[in-house]
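Below is one structure; the comments refer to it alone.
There are 2 protein chains.
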Amino acid sequence: MRISELSSLSGVPVATIKYYLREGLLPSGRALSRTQAEYDEAHLERLRLIRALTGAGGLGLARVRRVLEVIDDPAVDRLSVLATAQRAVPPVVVAAEPEPGESRGASSRLRAWSAARGWSLDPDDPLLDQLDAAWSACDDAGIGLDEGRMDAYADAAERIAQIDVATVPASPTPAVRQVVLGTVLMDPVLALLRRLAQQHLSAERAAGRSGGPSPRP
Amino acid sequence: MRISELSSLSGVPVATIKYYLREGLLPSGRALSRTQAEYDEAHLERLRLIRALTGAGGLGLARVRRVLEVIDDPAVDRLSVLATAQRAVPPVVVAAEPEPGESRGASSRLRAWSAARGWSLDPDDPLLDQLDAAWSACDDAGIGLDEGRMDAYADAAERIAQIDVATVPASPTPAVRQVVLGTVLMDPVLALLRRLAQQHLSAERAAGRSGGPSPRP
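Residue numbers (our numbering), protein chains in the order written: chain E, 2 to 218; chain X, 2 to 218.
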C-alpha cells in the first residue's frame, strides 16, 4: 500500500508517518521510485503500536524508541525477560537520589514489610526506591497507608500479577513484548477499572446494597 | 517558625516556598515585620502535601492548585463526593474527541461488558471513554485483552476499590480529601506493587514453586 493508505488505515497523518520514518521508528518501505514507496501489514502494525504507546500509553518518542528496541531485540535471555522489560518501561515515580552518606535501597519499613510478606525481590531493585518514595508521599499527604492496608493492596496486586504472568508466552522475544506492552498499556486500564469499581461500589452503598463484589454472569 | 525552619523541616527550598506563597498555593504566614513572617504546623502540612502531589503524584502546579481547591472546599455535597474527587484528578488517558457525527460514549463492546458485569455506572462518564481508548490501545498493540481477562482484572480492581471505599471518612470534606489524595498517590503505589508482585511470582516460578499467592504472615 502507499503512504496515503497507510495513513487512512492507521489514522496517523501522513506528515507524522514521514516523521517516524525519518526518525527510524518505522522501517522504510520498499522503494517503487525516487519519491514513492510501498508499505505492508508490518508497517501498519508497527504504526498502530506506536500510536498506542504515545496515546493511551502516554510515552514520549524517546521512550517509544527504547521500548521498540527492546521488543525487537532477538537476543533476550530467557531468565532476564522481566528485568529487561521492566527496565524498558518508564519509572512510575521519579525517586530522589539518596543524600551523600545515605545508603541507597529500601527503607527499613519497606524491607520489613516485604520480608514479612515473603516476597522474593532483589534488594537493589530501583522499584523498591520508587515504592519507598510513593509510600512516604502517602504519609506526607496524611492518608493512612499502614502495613495492613499495604498488605491488602498487595493481595490485589498479586492477583493482577498472576494474570500477567500466566499470559506471558514461553519464548523470550514475544515474552518481552507482552510484558513491556502489558505494563505500559495495562497500567491505565487498571487505574480506570479501579475508579469505575469505586463508583460501582459507592452506588451500591448509596442504594443500601452490600457493596460487595458484583455477581459474575 | 520562620521560613528557613519551614524549609529545613519540609525539605522544600526557601525559593520554592516563596514561589508557592506568591502563587497562592500556600497561605501567607503571620506578618512579624515588613520582611518576616511566622509559619505554623498547618503551613508545614500543606507544604508536605504539595511536595507529595508534585513528586510521587506527578502533578503539575496547575493540577495541584485544582486538587487543593477541591480539598479545601467545605461545600461538598455528601452524594457527589466521588464525582467531585474524580473530576479533580487528572485523566488517566487523554481520549480523542469523537469525530463529527460519531456519538460520544462507550463503545458497544465496553457497554456490553460492563452491563454483563452488573456495574452501576453513569453511561456518560468520561472514564468510560478513557477505558475505551485504553482497551483499543491494547488491541492495537496486539496484546490480547479479551472480556474474560478484563473480568479477571476487574475482580482485582473491585478488591482494591473495596479497601478504598471502606477507608473513606463519613463526612464529605475529609472524604473528598481522602478520595482525591488516595487516587493520585495510590495509583503509583499500586502500579509498583503490580511490578514487584510480577517479580515475586516469576522468581517463584523459576524456583519451581507454584507461583501462587505467598502465605500471609
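We treat Cβ as the ideally placed atom computed from N, Cα and C, and that holds for glycine.
Quantities reported herein were computed from a predicted structural model and do not represent experimental measurements.
Where residue i meets chain X, residues with beta-carbon distance less than 7 Å
i, result
"Ser-203/E", "Leu-83 and Val-166"
"Arg-52/E", "Asp-141"
"Gly-61/E", "Within chain X, no residue comes near Gly-61/E; the closest Cβ sits about 14 Å away, beyond 7 Å."
"Leu-182/E", "Ala-142 and Ile-144"
"Ala-138/E", "Ala-53, Gly-56, Ala-57, Gly-58 and Leu-186"
"Ala-157/E", "Ala-157, Arg-160 and Ile-161"
"Gln-131/E", "Leu-193"
Under 8 Å from the C-beta of residue i: neighbouring residues of chain X
i, result
"Ser-121/E", "Gln-200, His-201, Ala-204, Glu-205 and Ala-208"
"Tyr-154/E", "Ile-161, Ile-164, Met-187, Val-190, Leu-191 and Leu-194"
"Glu-46/E", "Gly-143"
"Arg-150/E", "Ile-164 and Thr-168"
Delimiting residues of the alpha helix (DSSP H) encompassing residue i
i, result
"Arg-66/E", "62 to 73"
"Pro-173/E", "173 to 207"
"Pro-127/E", "127 to 141"
"Tyr-154/E", "148 to 167"
"Trp-114/X", "109 to 118"
"Ala-86/E", "82 to 89"
"Ser-5/E", "4 to 11"
Chain E residues whose Cβ lies nearer than 8 Å to that of residue i
i, result
"Val-93/X", "Pro-189, Ala-192, Leu-193 and Arg-196"
"Leu-69/X", "Correct list: empty, because the minimum Cβ distance to chain E is about 11 Å."
"Arg-88/X", "Per Cβ cutoff of 8 Å: no residues; Arg-88/X is ~11 Å from chain E at best."
"Arg-110/X", "By Cβ distance, chain E contributes nothing, its closest Cβ being about 14 Å from Arg-110/X, past 8 Å."
C-beta atoms of residue i and residue j nearer than 8 Å
i, j, result
"Ala-53/E", "Leu-186/E", "yes"
"Ala-86/E", "Val-180/E", "yes"
"Ala-162/X", "Pro-170/X", "no"
"Ala-89/E", "Val-65/E", "no"
"Ile-164/E", "Ala-153/X", "yes"
"His-57/X", "Val-94/E", "The amino acid at residue 57/X is misidentified as His; the sequence shows Ala. Taking 8 Å as the Cβ cut-off, Ala-57/X and Val-94/E qualify as a contacting pair."
"Gly-30/E", "Tyr-21/E", "no"
"Leu-128/X", "Arg-112/E", "no"
"Val-166/X", "Arg-206/E", "yes"
"Leu-132/X", "Pro-91/X", "no"
"Asp-188/E", "Ala-84/X", "no"
"Pro-14/X", "Thr-174/X", "no"
Contact with chain A by residue i, beta-carbon distance below 8 Å
i, result
"Arg-64/E", "Given the protein chain composition of this structure (E and X), no chain A is represented."
Within chain X, the residues that residue i reaches when beta carbons sit closer than 9 Å
i, result
"Ala-134/E", "Gly-56, Ala-57 and Pro-189"
"Leu-128/E", "Leu-193, Arg-196, Leu-197 and Gln-200"
Under 9 Å by beta carbon: chain E residues contacting residue i
i, result
"Gln-37/X", "Under the 9 Å cutoff, chain E gives no residues; its nearest Cβ is about 26 Å from Gln-37/X."
"Arg-3/X", "Correct list: empty, because the minimum Cβ distance to chain E is about 21 Å."
Chain E contact residues for residue i, given Cβ-Cβ distances below 7 Å
i, result
"Arg-31/X", "Residues of chain E passing the Cβ test: none, with the nearest at roughly 23 Å."
"Arg-23/X", "What Arg-23/X touches in chain E: nothing, since even the nearest Cβ is about 22 Å away."
Q) Just checking, does the region 150 to 167 of chain E make contact with the region 79 to 89 of chain X on the three C-beta pairs under 8 Å criterion? A) no
(Q) Assess contact between the region 141 to 154 of chain X and the region 2 to 9 of chain X, defined as three or more Cβ pairs (one per stretch) separated by less than 8 Å. Is contact present? (A) no
Q: May I ask you to verify whether the region 195 to 211 of chain E touches the region 121 to 131 of chain X, counting CB pairs closer than 8 Å and requiring at least 3?
A: yes
Q. With contact counted as at least three CB pairs below 8 Å, one residue from each stretch, are the region 21 to 40 of chain E and the region 125 to 137 of chain E in contact?
A. no
Q) Which parts of the region 23 to 61 of chain E are runs of the beta strand (DSSP E), unbroken and 3 residues or longer, counting only runs that do not cross its ends? A) none
Q. If we count Cβ pairs, one from each stretch, closer than 8 Å, do we get three or more for the region 17 to 30 of chain E versus the region 47 to 67 of chain E?
A. yes
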